[in-house]
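Enquirer: Pasting a structure below so you can have a look.
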Amino acid sequence: MPRLLKTRFAPSPTGLLHLGNVRTALFNYLLARRENGVFLLRIEDTDAMRGHEKYTEALQADLRWLGLVWSEGPAVGGALGPYLQSERSAIYQRYFAELEANGLAYPCFCSEHELNIARKTALAAGRPPRYSGKCRQLAPEERLARFAAGTPATLRFHVEDGGRVEFEDGVRGSQVFETSEIGDFIIRRSDGTPAFFFCNAIDDALMEVTLVVRGEDHLTNTPRQILLLQALGLPLPAYAHIALVVGADGAPLSKRTGSRSVQELREAGFLARAVNNYLARLGHTYENNQLLGLDALAAEFSARRLHRAPARFDEQHLHHWQHEAVRHASTDELCDWVTPAARALMPERSRDAFLEAVRGNVLFPPDTERWAKVVFGDTLEIAHDAHQAIEDAGKEFFDIARRAIEKHGGDFKALSGMVQHLTGRSGKALFQPLRAALTGALDGPEMARLLPLMGEERARARLIRWSNGAGG
RNA sequence: GACCCCAUCGUCUAGAGGCCUAGGACACCGGCCUUUCACGCCGGCAACACGGGUUCGACUCCCGUUGGGGUCGCCA
């Protein structure tokens with residue numbers, strides 16, 4: 003009988019969520035959703051660093067913004083909580099005690115400094131930088147003496163040499179690791195807090211997570227967690243390690259290579275649907291090239307369709323999905339999305355028509371504001387090339403244009419037709435100066451849609467400005 | 001350094017031995033639409049990292065080389 007699929011996202015609130023993080027969250031969400039399973043959120047705030055509450059809140063806001071709702075975790079609860087690791091100390095203590103009682107873990111008195119030196123010497127000598135196991139040999143009385151002296155101690159999990167750990171990775175296939183390559187690792191820090199390898203694995207088991215989808219950076223750490231879980235007799239989840247996202251230069255994602263936090267993307271005006279569509283296709287493939295909603299994204303998501311090589315972040319692709327998202331957004335959505343200044347400029351009754359007119363030509367809210375100013379604003383900025391086009395057309399041209407607008411109002415086709423007829427100009431020579439004087443630019447949305455929104459008075463004034471002034 | 005993972009157009013990718021004259025998307029270029037530009041629509045350019053095998057046949061399998069990524073933390 004197959005267990006209900008339960009995936010999880012277990013971020014550490016040490017900073018804002020970025021593209022790589024949130025992609026992992028998305029994949030977990032999509033998998034759970036496709037199977038009607040559970041998507042769980044757990045906050046790994048063990049080091050209790052300052053500011054973590056701020057980030058805990060921020061990460062939940064980011065997830066909600068993207069629509070990646072969790073059905074178990076902080077804020078929504080669940081039977082297997084608490085879902086903040088900082089509230090689970092008592093649980094961890096039990097397992098530490100069990101491990102120690104069974105002789106599977108031992109206190110280590112080596113100082114950080116000492117360990118660093120050992121690691122460096124090992125590396126320099128071409129040996130693997132693995133813990134020597136020094137404190138494992140300590141006699142009981144020696145341990146007692148150190149404790150009595152107040153020497154700080156960590157707790158190490160003992161990994162026996164000569165074994166092997168095998169598991170099936172959901173995206174990489176079967177994996178085999180020798181235990182001799184692992185070494186004893188720390189599961190409790192000297193300040194008593196649990197280390198990542200430990201609480202992460204324990205919680206997955208205790209919270210009944212059935213599938214762990216995480217970055218490839220955890221692949222070679224997986225055998226440690228399996229060993230731990232086996233030592234404790236806890237159930238093992240299935241694992242799937244996804245390739246990491248790298249920057250345009252192929253190096254790990256950094257601010258330098260365009261990696262931005264989800265918060266920054268949202269503030270820049272990216273639409274959640276654009277981010278989701280981009281991320282779901284980064285290292286994964288869909289037959290459908292249309293903009294998809296989360297449910298459609300989930301329906302065709304498959305771990306088998308995940309590419310195993312690191313994927314490069316490409317801003318152009320993100321922009322493509324942003325363009326699609328803007329194109330398909332409802333006018334209500336767009337109205338919420340534009341800048342407050344643009345919103346203030348748009349008259350209620352021409353709001354929808356305006357948004358429909360410009361949506362194909364805008365990517366971000368400031369772009370919309372630009373057109374709102376052009377269409378509804380009183381002053382007009384004229385770009386250099388536009389100014390040139392106006393001058394080239396000459397004053398007589400605008401005398402005629404003025405008369406045309408007085409006759410035809412917001413009917414751009416009739417207006418331009420009349421100007422063509424009376425000036426003999428057509429094509430570029432006809433439309434560019436008209437567009438330049440009316441909008442201050444040589445490119446933009448269809449004039450036939452902008453002019454009626456602009457209103458006859460505003461348009462007329464803009465044409466008169468370049469004419470001989472007669473009839474002002 | 002050891003171990004692990006990976007390698008198809010510039011980028012994201014399809015491809016599970018003959019369906020490949022290597023398909024799609026983004027970008028780019030061209031055309032159409034629009035009496036202008038943009039939007040939209042249509043089309044084009046463009047890749048199997050290299051070297052050995054295995055096979056009647058290799059993008060697909062094996063080995064090596066090169067390149068990239070990851071892990072080996074009292075970070076998660």
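Numbering of the first sequence is given in the numbering used here, commencing with residue 3 and proceeding in unit increments. Note that beta-carbon positions come from the ideal geometry of N, C-alpha and C, so glycine has one too. Bear in mind the structure is a predicted one, so any value in this text is a computation, not a measurement.
So D158 and F187 are in contact, right, with Cβ under 8 Å, and what is the actual spacing, rounded?
Expert: Taking the first sequence and counting its residues from 1, one reaches residue 158 at position 156. Taking the first sequence and counting its residues from 1, one reaches residue 187 at position 185. The sequence shown places Arg at residue 158, rather than the Asp named in the question. Contact flag correct, Cβ pair sits at about 6 Å.
Enquirer: Spell out the partners DSSP gives S304 in its beta bridges.
Expert: Along the first sequence, read from residue 1 onward, the residue named residue 304 stands at position 302. DSSP lists no partner for S304.
Enquirer: Please determine, among I184, H330, R310 and W72, the residue with the shortest C-alpha to C-alpha distance to L294.
Expert: Within the first sequence, the letter at position 292 stands for residue 294. Closest option to L294, Cα to Cα, is H330.
Enquirer: Short of 6 Å in beta carbon distance, which residues of its chain neighbour R132, apart from the five on each side in sequence? Order them along the chain.
Expert: Counting from 1 along the first sequence, the entry for residue 132 is found at position 130. Only G185 meet the Cβ criterion.
Enquirer: The beta strand (DSSP E) with C110 in it runs from where to where?
Expert: Sequence index remark: in the first sequence, residue 110 carries index 108 (1-based). That run of the beta strand (DSSP E) goes A107 to C110.
Enquirer: Would you decide whether V340 is buried or exposed? Buried here means 16 or more other CB atoms lie within 10 Å of its CB.
Expert: The residue given as residue 340 occupies position 338 in the first sequence. Buried, because 16 or more other Cβ atoms sit within 10 Å of the Cβ of V340.
Enquirer: Between L255 and N278, is the Cβ-Cβ spacing less than 9 Å?
Expert: Indexing the first sequence from 1 puts residue 255 at position 253. Indexing the first sequence from 1 puts residue 278 at position 276. Contact flag unset, no.
Enquirer: For K8, report the span of its alpha helix (DSSP H) as first-last.
Expert: Here the question's residue 8 lines up with position 6 in the first sequence. Here K8 belongs to no alpha helix (DSSP H); instead the beta strand (DSSP E) covers K8 to F11.
Enquirer: What ranges does the alpha helix (DSSP H) occupy inside the segment 387–465, keeping only unbroken runs of at least 4 residues that lie completely in it?
Expert: Counting whole runs of 4 or more residues, the segment 387–465 contains the alpha helix (DSSP H) stretches 397–410, 414–425, 430–441 and 449–456.
Enquirer: Straight-line CA distance for E116 to N23?
Expert: To locate residue 116, count along the first sequence from 1; it is residue 114. To locate residue 23, count along the first sequence from 1; it is residue 21. Computed Cα separation, rounded: 34 Å.
Enquirer: What are the boundary residues of the beta strand (DSSP E) that includes A311?
Expert: Position 309 of the first sequence, counting from 1, holds the residue named residue 311. Counting along the chain, A311 falls outside any beta strand (DSSP E), and DSSP gives it neither H nor E.
Enquirer: In or out: T287 buried (at least 16 other Cβ within 10 Å) or exposed?
Expert: As a working mapping, residue 287 is identified with position 285 in the first sequence. Exposed: under 16 other Cβ atoms inside 10 Å.
Enquirer: Measure the C-alpha to C-alpha separation of P204 and Q324 and round it to an integer number of angstroms.
Expert: Indexing the first sequence from 1 puts residue 204 at position 202. Indexing the first sequence from 1 puts residue 324 at position 322. Reading off the sequence shown, one finds Ile at residue 204, where the question assumed Pro. Rounded to whole angstroms, I204 to Q324 spans 40 Å at the Cα level.
Enquirer: Count the other CB atoms, across all protein chains shown, that sit within 10 Å of the CB of N104; report buried if there are 16 or more and exposed otherwise.
Expert: Locating residue 104 in the first sequence gives position 102, counting from the first residue. With fewer than 16 Cβ atoms within 10 Å of its Cβ, N104 is classed as exposed.
Enquirer: Are the segment 348–366 and the segment 441–459 in contact at 8 Å, needing three or more beta carbon pairs?
Expert: Contact between the segment 348–366 and the segment 441–459 is present, because at least three Cβ pairs lie under 8 Å.
Enquirer: Using a threshold of 9 Å, state whether the C-beta atoms of A343 and A374 are closer than that.
Expert: Within the first sequence, the letter at position 341 stands for residue 343. Within the first sequence, the letter at position 372 stands for residue 374. Going by C-beta atoms, A343 is nearer than 9 Å to A374.
Enquirer: From K8, L21, S14 and R10, pick the residue whose C-alpha is nearest to that of E266; which is it?
Expert: If you number the first sequence from 1, residue 266 lands on position 264. Among K8, L21, S14 and R10, the Cα nearest to that of E266 is on L21.
Enquirer: Assuming contact is defined by CB atoms lying nearer than 9 Å, are M209 and R44 in contact in what I supplied?
Expert: As a position in the first sequence, residue 209 is number 207, starting the count at 1. As a position in the first sequence, residue 44 is number 42, starting the count at 1. Yes; because the gap between Cβ atoms is below 9 Å, this pair is in contact.
Enquirer: Among L444, R90, R166 and Q434, which residue has its Cα nearest to the Cα of D206?
Expert: Numbered from its first residue, the first sequence carries residue 206 at position 204. Of the listed residues, the one whose Cα sits closest to D206 is R90.
Enquirer: So what does DSSP say about H160, is it helix, strand or coil?
Expert: Mapped onto the first sequence, residue 160 falls at position 158. It is coil, neither helix nor strand.
Enquirer: Within 10 Å of its beta-carbon, does A147 have 16 or more other beta-carbons around it, so buried, or fewer, so exposed?
Expert: Position 145 of the first sequence holds residue 147. Exposed, because fewer than 16 other Cβ atoms sit within 10 Å of the Cβ of A147.
Enquirer: Between the alpha carbons of F200 and D316, how many angstroms are there, rounded?
Expert: Position 198 of the first sequence, counting from 1, holds the residue named residue 200. Position 314 of the first sequence, counting from 1, holds the residue named residue 316. The alpha-carbon atoms of F200 and D316 are separated by roughly 35 Å.
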